[in-house]
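Trainee:
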Amino acid sequence: MHQRFDPHPDKEPNMLKENMTVFRRMSSYFLKESFIYLTRGPTIPDWNFGYHTLINSIKRLMISHHYLELPDVPAAQLRSTTGPKLSKHAHIVPDTFVQRDKVIEFFKDKCTMVDHAYDKVVIDAEYLSYKKSHKDIVFFVHGGGYCTGSKEMYRKISYLVAKHSDSTVYALNYRLSPQNPFPCGLIDCISGYQHLIETHDHKKVILMGDSAGGGMVLAMCIALREMNLPIPGGVYGISPWIDLTHWFASFRINQKTDFLIGDTTDPRLQGQRHYYTGNENLKLGYVSPVWEENLDNLPPMLIQVGGAEKLHDENIHFSQRLINTSDPPQELHLQVYESHVHVRKIAVLGSRAVGKSSVTVQFVENHFAETYYPTIENMFTKIVKYKGEEFAVEIMDTAGQDEFSILNSKHAIGIHGYILVYSIASQQSFEMCSILRDKILNFTGMDWVPCVLVANKVDLHAQRQVTTEEGKKKALEWNCAFIETSAKHNQNISRVFDQMLAEIEKVRGEPQAKPSGCVIF
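The sequence shown maps to residues 863 to 1383 in our numbering.
1) I want to know whether the stretch 964 to 983 touches the stretch 999 to 1007 - three or more CB-CB distances under 8 Å.
2) Taking only the alpha-carbon atoms, compute the straight-line gap between H1229 and F1359 and give it to the nearest angstrom.
3) Let me make sure I understand the geometry here. Which of C1009, K1065, V1246, S1220 has the alpha-carbon closest to that of G1075?
4) Between Q1041, K947, Y989, which lies nearest to D977 when the distance is taken from Cα to Cα?
5) Using CA atoms only, rank isn't needed, just tell me which of T1030, I1019, R1037 is closest to I985.
6) Grouping DSSP H, G and I as helix and E and B as strand, with all else coil, what is I1355?
7) Q1182: which of D1321, T915, Q1197 sits nearest, CA to CA?
8) Can you tell me whether G1096 is buried or exposed? The criterion is at least 16 other CB atoms within 10 Å of its CB, across all chains shown.
9) Going by the DSSP bridge assignment, what does F959 pair with across the sheet?
10) What did DSSP end up calling K1368 once you bin it into helix, strand or coil?
11) Taking just the CA atoms, how far does S1012 sit from T1222?
12) Could you tell me whether the Cβ atoms of T974 and N1143 are closer together than 8 Å?
13) Name the two residues that bound the continuous alpha helix (DSSP H) containing R1299.
14) In chain order, which alpha helix (DSSP H) runs of at least 4 residues are fully inside the stretch 972 to 1034?
15) Measuring only the C-alpha atoms, how far is D1050 from F959?
16) Can we say the stretch 1214 to 1221 touches the stretch 1179 to 1193, given the rule of at least three CB pairs closer than 8 Å?
17) Name the residue from P1102, K1247, L1048 whose alpha carbon lies nearest to the alpha carbon of E1367.
18) Measuring CA to CA, which of A1261, L990, V1152, M1070 is closest to K1025?
19) Within its chain, find whatever has a CB closer than 6 Å to the CB of Y929; leave out the 5 residues flanking it on each side and keep chain order.
20) For F911, which of K1065, F1225, N918, Y899 has the nearest alpha-carbon?
21) Could you spell out where the beta strand (DSSP E) holding G1047 opens and where it closes?
22) Taking 8 Å as the threshold (C-beta atoms), are V1311 and Y1284 in contact?
23) For Y1016 and K1244, what's the separation of their Cα atoms in angstroms?
24) Do you know how far the Cα of L948 is from the Cα of V1316?
25) Spatial neighbours of V1067 within its chain, please: C-beta separation below 7 Å, excluding the five flanking residues on both sides.
26) Using alpha carbons as the reference points, say which of L1022, E1251, V1210 lies closest to K993.
27) Whole angstroms are fine: how far does the CA of Q1166 sit from the CA of M1078?
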């Protein structure tokens, strides 16, 4: 039996110590990658010095964090309980349920069970609808590698799904590993589905999940079939992670073109403990659906994956088997976006009350929020087409910064570009952008990062304290783009994010591929 991990819920992180550790590592990695670039050349011929050192330094940092013992991370850091502010048309109804005896009993003979997989605990869930509730239900399972994430963190995605599909989204906070490894989370999801179909027609329920969540919903379908429970009306998998053995070639071949960590050829990772489950369970269909032998009688599916993703091959193989071996023939729609990897992640920073959130919300939702609410931290996702190629842009809208604010790893790891916002009516906010950029450079160990300087609130021209010339001069000094905007009047808002993509792609070469598509992780 596995031992229950102690998550140290009372352990407070030492942010200054963490920041200094990351800074030292990034400085070391930058020097190493600079030497490699000068002596061996870039990882890919099209990469210039800046992109080569940036990407490989971040990968080194992510791998170094990958070696850390996740059970030592405070549990509160693994699951965000703060969701974004939604429009007045969003209706959220809290819900709870407990694990079902039939589900627990089913897994007793199917896998190595941890002691507390037998526990019955209350699972938080919620119904989210747009304007009114609907009979059609999307059962949404969030991603996060089975060890991070929450319904609150993904609430913005739930809201957009509800709004654009005329459905009600049902989302849950399933238990996370390593404190609650397989099959705890799967038991929770299946029990939640059982709970849902007690009051809703199972044929009107669609299972949806991204990455690990996509793998979870496919595992749910296999288990539901084996348990003779009603299967859902369909499944939508967004880059589902369905092979935890990392056996397929794209996981290694696309190491250079995907930002996911996990180079299985690295000897330091060979003996690392799997947080979700042990080696003995990895080829179970309930863990890695691609290895499931029986693919008969599964619901209709839509699977999306990117051609440059590490998860590409496992999804192609799974789809081919679904079509060729299932009886009756499986209804499947497979969409492959050849040049697409995961997201382009952008951080929006600036002083308080400069309109960072207004700029982001105007771009993502096409409306201006009249009421000011201090931002804690929100995540937004939008598909953007740039020079014929589509990008899934993930935007981190941060809390207002001041000169004493401390940046941490979430402001560096996986961030591809920074939008620094100031108000033309505040000289202090303009000066704060220089402080923030210096902090970013110091924290990442870089001498340049993709950046756009945004002068917001140009509608307050009578209160202007910062001239256009001052903004242009600062942008020229930083070698970055400069744009003046009004979030209130939607002036130049789209240009900001187009220019941000241009700055990001500048360091890796302009996109040459045909249009790609949406992948969310």
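Idealized CB from N, CA, C, for every residue including glycine.
Mentor: Let me spell this out:
1) Output reads no: the stretch 999 to 1007 does not touch the stretch 964 to 983.
2) Taking the straight line joining both Cα atoms gives about 16 Å.
3) Checked all of C1009, K1065, V1246, S1220; the closest Cα to G1075 is C1009.
4) Q1041
5) Of the listed residues, the one whose Cα sits closest to I985 is R1037.
6) helix
7) Q1197
8) buried
9) In the DSSP assignment, F959 forms a beta bridge with I985.
10) DSSP places K1368 in helix when its eight states are reduced to three.
11) 22 Å
12) yes
13) 1289 to 1306
14) 1017 to 1027
15) 9 Å
16) no
17) When each option's Cα is compared against that of E1367, the closest is K1247.
18) L990
19) Its pLDDT being 47, under 50, Y929 is placed unreliably in this model, and the value from its coordinates should be taken loosely. Around Y929: no qualifying Cβ.
20) Closest in alpha carbon position to F911, among K1065, F1225, N918, Y899, is Y899.
21) Looking at the DSSP string, G1047 is not in any beta strand (DSSP E); the run it does join, the alpha helix (DSSP H), is 1046 to 1059.
22) In this structure, V1311 does not lie closer than 8 Å to Y1284 by Cβ.
23) 13 Å
24) 24 Å
25) I999, F1001, L1058, I1059, P1094, G1095
26) Of L1022, E1251, V1210, the residue nearest in Cα terms is L1022.
27) The straight-line gap from Cα to Cα measures roughly 15 Å.
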